[in-house]
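Participant: Residue numbering for the sequence shown follows the working numbering, starting at 6 and increasing by one per position. Following this message is one structure expressed as structure tokens.
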Amino acid sequence: MALKIYSSASYNPATGKTIVVIKEADERETVLFNAELDGDHTNTSEAELIKLAVDWFTLKYVKDFSDQLLNDRINEANRVVSEVQAQAALTDERASKAEAERNERFEKLEATVAQAVTELTAIFSSRLSEESHEKDEEMV
6 MALKIYSSAS
16 YNPATGKTIV
26 VIKEADERET
36 VLFNAELDGD
46 HTNTSEAELI
56 KLAVDWFTLK
66 YVKDFSDQLL
76 NDRINEANRV
86 VSEVQAQAAL
96 TDERASKAEA
106 ERNERFEKLE
116 ATVAQAVTEL
126 TAIFSSRLSE
136 ESHEKDEEMV
């Protein structure tokens, strides 16, 4: 399949552009596009017009398509990064809550242990005092 100029190049002095219509078709596929070339190319050879038109098409559409694909991938990567950051923030929040709960439990446990030690100390002191008092009475 070889690209050919479908119609002659036409120059529009108002826009300063030459329009070149490129077309090729066979039983499997068809290629058709209009290229807008800067300047007057009405006296340019057909081979050069085809080259200029293909270059124009490549810069206009292939680069744009490539840029769009790249932008789509960048946007997808940014979306994934945002999701990961949100998940990390949620994980940090859960870790902070778990640490706060753990600290609260330890404080309650410490208070309970301190209370138990106080009560046991009081019980032992009372018993020791009673035993000491009983020994003193026996000695008398």
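Even for Gly, the Cβ is constructed at its ideal location relative to N, Cα and C.
(1) Any chance you could list the beta strand (DSSP E) runs of at least 3 consecutive residues sitting entirely within the stretch 13-79, in chain order?
(2) For the putative contact between Ser15 and Ile24, defined by C-beta atoms under 8 angstroms, what is the C-beta separation to the nearest angstrom?
(3) Assuming Ala58 contacts Ala40 under a Cβ cut-off of 8 angstroms, what Cβ separation, rounded to an integer in Å, is found between them?
(4) Cα separation between Thr63 and Lys56?
(5) Tell me which residues share the same chain as Asp45 and place their Cβ nearer than 7 angstroms to its Cβ, disregarding the 5 neighbours each side in the sequence.
(6) If you draw a straight line from the alpha carbon of Phe70 to that of Asp77, how long is it in whole angstroms?
(7) Taking Leu42 as the reference, give the member of Glu29, Asp60 and Val85 with the closest Cα.
(8) Evaluate Leu125 with the Cβ neighbour count: other Cβ atoms within 10 Å of its Cβ, from every protein chain shown; 16 or more gives buried, anything less gives exposed.
(9) Pull up the distance between the alpha-carbon of Asp72 and that of Ile79, whole angstroms please.
Facilitator: The short version:
(1) 15-17, 22-30 and 35-43
(2) The count along the sequence shown starts at 1 and reaches residue 15 at position 10. The count along the sequence shown starts at 1 and reaches residue 24 at position 19. Confirmed, about 5 angstroms.
(3) What you label residue 58 is simply residue 53 of the sequence shown in a count that begins at 1. What you label residue 40 is simply residue 35 of the sequence shown in a count that begins at 1. Yes, they are in contact, since the Cβ atoms of Ala58 and Ala40 sit about 4 angstroms apart, within 8 angstroms.
(4) Taking the sequence shown and counting its residues from 1, the one referred to as residue 63 is at position 58. Taking the sequence shown and counting its residues from 1, the one referred to as residue 56 is at position 51. Cα-Cα distance, rounded: 10 angstroms.
(5) To locate residue 45, count along the sequence shown from 1; it is residue 40. Taken in chain order, the residues that qualify are Tyr16 and Thr23.
(6) Position 65 of the sequence shown, counting from 1, holds the residue named residue 70. Position 72 of the sequence shown, counting from 1, holds the residue named residue 77. Computed Cα separation, rounded: 10 angstroms.
(7) One-based indexing of the sequence shown puts residue 42 at position 37. Checking every option, the nearest Cα to that of Leu42 belongs to Asp60.
(8) In the sequence shown, counting from the first residue as 1, residue 125 sits at position 120. By the neighbour-count rule (16 or more Cβ atoms within 10 Å), Leu125 is not buried but exposed.
(9) If you number the sequence shown from 1, residue 72 lands on position 67. If you number the sequence shown from 1, residue 79 lands on position 74. So the two alpha carbons sit approximately 10 angstroms from each other.
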